[in-house]
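One structure below.
Numbering (our numbering), first residue to last: 9 to 196.
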């Protein structure tokens, strides 16, 4: 009986996510994408469906979805591998302050994946990420050692003056936002 109730609760929760996601709720779209990405909550793992839902949320300016979509492009999961598209989505999330995206964007610059190799830009993004709690400190310090004092100073000044961008509001989608119980879509 308890298992049946748990299965019913899970099915109801998934139905609520799907309904909210279909109505344009970016947080529900992000979480539904993650369910498909990782095969959570009884949802089968499906990279293509993960990309569909991440893209919907990413196009609304959700930084977490932008990072996740970039990761899918970088790894060729659900879409053809495309480092340039990965950089596009990482940058959108990084500019909003997503530390994971800042770290990944820094790595892309270190390796020259999807962007020209640029140690100063790499250091800038890795510095931002590490100052905000990401674990990219070691990589940041390695990159830092390869820079001239002028390059280091320029990147550090840019990082000090950096402010996260605000995403552009999504276009009107003609849906009614869900207000009751929205907090259920905020955490896993």
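Glycine included, C-beta positions come from ideal geometry on N, C-alpha and C.
Compare the C-alpha of residue i against each of the options and name the closest.
i	options	result
residue 166	147, 134 and 150	134
residue 123	19, 157, 163 and 99	99
residue 48	145, 27 and 21	21
Please return the same chain residues whose Cβ sits closer than 6 Å to the Cβ of residue i, not counting the five positions on each side in sequence.
i	result
residue 163	128, 131 and 132
residue 142	107 and 111
residue 64	37
residue 121	91
Beta-carbon separation of residue i and residue j under 9 Å?
i	j	result
residue 86	residue 116	no
residue 19	residue 29	no
residue 104	residue 173	yes
Near residue i, which residues of its chain fall below 8 Å by C-beta distance, leaving aside the five closest residues on each side in sequence?
i	result
residue 76	38, 41, 42, 45, 58, 62 and 66
residue 155	127, 128, 131 and 163
At the level of alpha carbons, what is the spacing between residue i and residue j?
i	j	result
residue 140	residue 119	22 Å
residue 23	residue 109	30 Å
residue 33	residue 158	45 Å
residue 16	residue 102	38 Å
residue 84	residue 55	10 Å
Suppose the cutoff is 7 Å on Cβ atoms and the five residues either side in sequence are ignored; what does the same chain contact list for residue i look like?
i	result
residue 144	111, 114, 134, 137 and 138
residue 7	Because the chain spans 9 through 196 in this model, residue 7 falls outside it and cannot be assessed.
Worksheet item: Does the stretch 88 to 95 come close enough to the stretch 58 to 74 that 3 or more CB-CB pairs lie under 8 Å?
Response: no
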